[in-house]
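Position one of the sequence shown corresponds to residue 269 (our numbering), numbered consecutively onward.
The C-beta atom is built at its ideal place from N, Cα and C for all residues, glycine as well.
Since this is a predicted model, take the numbers as computed values, not measurements.
Since the structure comes first, as structure tokens, the remarks are kept for the end.
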Amino acid sequence: MKLVLATQNPHKVAEIRAVLPPDWEVLQPSDFGLSGELREDGATMEANASQKALFLWELTGVPSLADDSGLEVDVLGGAPGVDSAHFAGPERSDSANRSKLLDALQDSVNRRARFTTVLAWATAEGVTCYRGTVEGNIGECERGTQGFGYDSLFVPLEGDGRSFAEMSPAEKTALSHRSRALAAWCAKR
Ligand code: IMP
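Right, dumping it as structure tokens:
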């Protein structure tokens with residue numbers, strides 16, 4: 269089996285690679301001479317994931333899997349959601365995004381949030397999306413050094429009180445939005 273992952277994010281690649289059979293050949297946009305972020309200007313995670321997966325499928329003719337993820341915070345009305353990557357500005361800085369989120373929740377007792385991944389799978393048969401979600405709370409400060417993005421602020425409800433960034437990669441995978449979306453995708457293939 270051969271597929272191309274429509275992401276340049278090494279953390280996402282590692283998390284996805286870890287749950288795929290080891291004999292699968294996993295290609296990346298750089299294998300086709302592409303660099304930088306793929307275009308994603310849709311209004312939903314489904315639209316963005318589909319846009320990226322279809323773009324690569326049409327360019328390469330190799331079945332393509334795209335990941336679009338977002339953090340929805342209840343007291344922010346579901347923000348940053350589809351805007352999670354550029355919450356603090358177009359430079360897509362993870363640390364600026366985390367600071368902005370902590371500032372936005374400074375006085376909030378309700379810190380309930382959820383992380384969602386939408387995977388889009390594009391082949392000759394078209395594109396299909398799969399969702400995975402994990403419920404949690406936003407911590408009052410950053411904790412942990414592993415992972416990426418909002419991991420040091422996200423404390424899953426089903427865990428033991430540690431943030432994703434305090435967990436090993438395998439521990440995060442056991443609970444994460446991304447691995448749940450991958451499980452849904454694997455189950456339908
Ligand atoms: P995108 O899917 O790359 O657009 O990600 C949206 C935002 O969520 C970016 O700021 C990512 O850094 C962040 N993000 C995506 N997946 C995760 C995750 O598994 N943990 C923490 N942050 C993530």
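Contact check for Asp335 against Gln319 fails: the beta carbons are separated by 9 Å or more.
Taking a cut-off of 8 Å on C-beta distances, the stretch 374 to 388 touches the stretch 438 to 450, as three or more cross pairs fall below it. Just so you know, the alpha carbons of Pro297 and Leu322 end up roughly 13 Å apart.
According to the DSSP assignment, Trp453 belongs to the alpha helix (DSSP H) that extends over 445 to 456. Linking Leu450 to Leu373 through their CA atoms gives a straight-line distance of about 31 Å.
Of all C-beta pairs linking the stretch 389 to 409 to the stretch 418 to 428, three or more are shorter than 8 Å, placing the two stretches in contact. Bridge pairing for Glu408: absent [DSSP]. Considering only Glu283, Val272, Met269, the residue with the shortest C-alpha distance to Gln414 is Glu283. Between the ligand IMP and Ala353, a heavy atom-to-CB distance of less than 8 Å is present.
Asp375 has its alpha-carbon roughly 43 Å from the corresponding atom of Leu302. Rounded to the nearest whole angstrom, the CA to CA distance from Lys368 to Arg430 is 21 Å. Pairing Ala274 with Ala315 gives a Cβ-Cβ distance that is not under 9 Å.
In the three-state scheme derived from DSSP, where H, G and I count as helix and E and B as strand, Arg382 is classed as strand. Pairing Val377 with Asp342, the inter-Cα distance amounts to about 11 Å. For Arg307, the three-state secondary structure derived from DSSP is coil. DSSP links Tyr398 through a beta bridge to Leu387.
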